[in-house]
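Residue numbers are given in our numbering: position 195 of the sequence shown equals residue 220, and the series is strictly consecutive. Step one of this worksheet: look at the structure below.
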Amino acid sequence: MILRKLLFTFHIRNNCTRGFSIVHPKVVQSISLLNQNFPRDDYTNVTEKIISHLGQNLHLQEGHPINIVTQRVLNYFYASFKNSRGNPQFSMYNNLCPIVTTAQNFDSLLIPTNHVSRSKSDCYYINQQHLLRAHMTSHQSELMKSGLDNFLMVGDVYRRDEIDRTHYPVFHQIDGVRLRSKNQLFPNDNDLDIFELGDYTENIGSQDKQACHTLEAVKLMEFELKSTLLGVAKSIFGEDFKYRWVDTYFPFTQPSWELEVFYEGMWMEVLGCGIMKQAILTNAGITNKVGWAFGLGVERISMCLYKIPDIRLFWSKDSGFLNQFKNQEVNAKITYRPISQYPQCINDISFWLPNDKEYCENDFYDLVRTIGGDRIEQVTLKDDFLHPKTGRRSHCYRIIYRHMERTLKQEEVNLIHKKIEKEAAKQLFVNIR
Ligand code: PHE
26 MILRKLLFTF HIRNNCTRGF SIVHPKVVQS ISLLNQNFPR DDYTNVTEKI ISHLGQNLHL
86 QEGHPINIVT QRVLNYFYAS FKNSRGNPQF SMYNNLCPIV TTAQNFDSLL IPTNHVSRSK
146 SDCYYINQQH LLRAHMTSHQ SELMKSGLDN FLMVGDVYRR DEIDRTHYPV FHQIDGVRLR
206 SKNQLFPNDN DLDIFELGDY TENIGSQDKQ ACHTLEAVKL MEFELKSTLL GVAKSIFGED
266 FKYRWVDTYF PFTQPSWELE VFYEGMWMEV LGCGIMKQAI LTNAGITNKV GWAFGLGVER
326 ISMCLYKIPD IRLFWSKDSG FLNQFKNQEV NAKITYRPIS QYPQCINDIS FWLPNDKEYC
386 ENDFYDLVRT IGGDRIEQVT LKDDFLHPKT GRRSHCYRII YRHMERTLKQ EEVNLIHKKI
446 EKEAAKQLFV NIR
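Written out as structure tokens, the structure is:
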């Protein structure tokens, strides 16, 4: 597939003064992303480094491990859900714009206005109304409104997070939705219904079910949801892997579960799912159906499947990485062979937090990432110290530097480290110790 040309830039525009008469130049600041202009405001926190991932569309690059895993999930749905004429019931959307409104990312999914997931420290905001989508679920409601009952969506999602081997601020998700009417769910039994009779405006419900649903409908939906997702996992990992279902909470599903897969000695969460909140369907104009939905992390699955040890590798342009997956059959059994192991360089940084300003750890992580780029393997808070007399707080972070493709020299690392110190002092108002 041809990659869309990258048409985004990150710039600040100043209103120019015409001719020679200087009339109080008014500064208009805007960001141009994927050919659209957005005014900046005090919500803006996207960085140039993050923006450079927009439009790369790893999921559309033929032969990329993200694309191969997507293809395998899609094949499973095509083969498992067919209509009476033998055509696939599910359709796949792979080019939905990653720039969304807060209405799409949160409101349409009933995420409360004070929910932590809306905070500036968790999301990449373009301005108060727009952000880089934090999950593919952002598009759920609009696709239902367009009349779809069975659909999948794949794309890049953006989250501010810690830094380690399995976390990167940009990753890929596949979301899916299936809506079912009473007749589809209980074709042979007219006595069974999907909705509980009576007044259920006060939708309290329980972890078992929402008040408006019948238990029969919910149990049948749960069965179909879990067996579908386990089917997907088995079609990828084979019959022999260890997994467990864990009860969880999402504002947009009830009940909700996570599927965890045992990988290299630890339980790794690979997907979230649940019975869709009925109000989301009602708001989309659907009154006669119930739905299930899921969202799975493509990198996580791909790491387990191919034994890819570090999430940064997915962004590598190195042919040593890419060629291991290119021109292979989609179900080919591939085990990633490390190109080579370059040594780590470890440097610590300690500073006093500002007294009179708010300090947010994720701001520091972003700053480190912006300056160090992909040479940063890990940043961990090593020490959080409160001075007993002055009441001042100090943080010590360990920064592990490692390049994926060459040996880093200590002098080079020292230069980056110095720059991080300088910029942290300047931008985050900390005092280097
Ligand atoms: N959006 C959720 C996440 O990103 C996953 C999810 C999707 C859960 C749909 C339930 C239903 O973690």
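Glycine included, each C-beta is placed from N, C-alpha and C at the ideal position.
Once you ignore the five residues that flank residue i on each side, which residues in its own chain have a CB closer than 8 angstroms to its CB?
i    : result
H84  : I91, N92, T95, N119, V179, G180, D181, H197 and V323
Y103 : P113 and F115
D233 : L240, V243 and P280
R431 : Y367
Y268 : L255, A258, L284, E285, V286 and F287
D335 : R190, E402 and M429
How many angstroms separate the CA atom of residue i from the CA atom of residue j?
i    : j    : result
N82  : R337 : 15 angstroms
L59  : H155 : 13 angstroms
T405 : C370 : 14 angstroms
R65  : S166 : 27 angstroms
H78  : K342 : 13 angstroms
F454 : N387 : 15 angstroms
M117 : G80  : 18 angstroms
L134 : I305 : 6 angstroms
V98  : R418 : 48 angstroms
K407 : I326 : 30 angstroms
S46  : I56  : Below a pLDDT of 50, predicted positions are generally treated as unreliable, and S46, at 37, falls in that range; the measurement from the model is reported next regardless. Roughly 27 angstroms between the two C-alpha positions.
E437 : I188 : 21 angstroms
L217 : Q235 : 17 angstroms
Q349 : Y361 : 7 angstroms
I445 : N380 : 20 angstroms
Q403 : D132 : 34 angstroms
E358 : L157 : Checking the sequence shown, residue 358 turns out to be Lys, not Glu. Distance between the alpha carbons of K358 and L157 is about 34 angstroms.
G398 : F266 : 35 angstroms
Looking at C-alpha atoms only, which residue of the options is the closest neighbour of residue i?
i    : options                   : result
Q114 : S105, L250 and R158       : S105
N352 : E87, L58 and V71          : E87
F321 : H89, A128, L58 and T162   : The identity of residue 321 in the sequence shown is Leu, whereas the question assumes Phe. Per the Cα distances, T162.
Q209 : S109, W282 and L255       : S109
S144 : T69, N213 and V438        : T69
V202 : T415, T278 and H78        : T278
T239 : I199, E289, I300 and L255 : I300
E247 : D214, P276, N215 and E283 : E283
D147 : A258, G263, R185 and E285 : R185
Y150 : V125, H140 and T138       : V125
K74  : Y193, L440, D67 and Q129  : Y193
C329 : F376, T307, M291 and N308 : M291
Report all residues from its chain with a CB closer than 6 angstroms to the CB of residue i; omit the five preceding and five following residues, and keep chain order.
i    : result
L204 : D174, K314 and G316
R400 : Y426 and H428
H89  : L83
S206 : N313 and K314
Y384 : L378
N372 : I424 and H442
K414 : none
P276 : L135 and I136
Keeping to the same chain, check which residues put their C-beta closer than 7 angstroms to that of residue i; ignore five residues upstream and five downstream.
i    : result
E448 : L392 and I396
I311 : M169 and L204
K443 : none
W270 : K251, W282 and L284
L254 : L284, L296, C298 and F319
Taking 7 angstroms as the cut-off, is the beta-carbon of residue i closer than that to any non-hydrogen atom of the ligand COA?
i    : result
Q198 : What this structure holds is the ligand PHE, not the ligand COA.
At 4 residues or longer, what runs of the alpha helix (DSSP H) sit wholly inside the region 94–171?
127–130 and 165–170
Tell me the start and end of each unbroken beta strand (DSSP E) in the region 401–428 that is at least 3 residues and wholly inside, in chain order.
401–411 and 418–426
For the region 345–409, list the beta strand (DSSP E) runs that are entirely contained and at least 3 residues long, ordered along the chain.
370–377
What alpha helix (DSSP H) runs, 4 residues minimum, are completely inside the region 229–294?
240–262
Secondary structure, alpha helix (DSSP H): runs of 4+ residues fully inside the region 291–318:
303–308
Residue ranges of each alpha helix (DSSP H) within the region 168–221, 4 or longer:
207–210
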